[in-house]
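Here is the structure we will look at.
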Amino acid sequence: MLDKILTMEKYNQFKQLLASLEEDAEKFYNKGNNAAGTRVRKGMQDLKNLASEIRKEVTDLKNKEK
20 MLDKILTMEK YNQFKQLLAS LEEDAEKFYN KGNNAAGTRV RKGMQDLKNL ASEIRKEVTD
80 LKNKEK
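Position one of the sequence shown corresponds to residue 20 (the numbering used here), numbered consecutively onward.
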């Protein structure tokens with residue numbers, strides 16, 4: 020059960036990170052702020068890594084329940 024809670028916490032962290040990128044994405048796409056674009060790229064890489072961790076944990080939990 021603790022494993023599921025930890026995975027859910029990572030999922031919530033993923034959602035918060037995605038939401039935090041919204042302002043920088045707005046600045047980059049609509050105002051041409053290149054520094055904001057750099058922050059978006061870094062944030063997207065962080066999202067990718069976090070998504071990969073979550074995916075692995077979900078797979079492990081799913082296989083553990085069988």
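Note that the Cβ used here is the ideal one computed from N, Cα and C, for glycine as well.
All of these numbers come straight from a predicted model, not from anything done at the bench.
Taking the straight line between their C-alpha atoms, what separation do you get for residue i and residue j?
| i | j | result |
| --- | --- | --- |
| Met20 | Glu84 | 11 Å |
| Arg74 | Tyr30 | 10 Å |
| Tyr48 | Val77 | 34 Å |
| Lys46 | Asn68 | 24 Å |
| Ala70 | Asn53 | 25 Å |
| Ala44 | Leu25 | 29 Å |
| Arg60 | Lys50 | 16 Å |
| Ala38 | Asp65 | 13 Å |
| Gln32 | Asn82 | 24 Å |
Inspect the beta-carbon positions of residue i and residue j and report whether they are closer than 8 Å.
| i | j | result |
| --- | --- | --- |
| Leu80 | Lys23 | yes |
| Leu40 | Gly62 | yes |
Restricting to Cα atoms, I'd like to know which of the options is closest to residue i.
| i | options | result |
| --- | --- | --- |
| Arg58 | Glu72, Asn82, Thr26, Leu36 | Leu36 |
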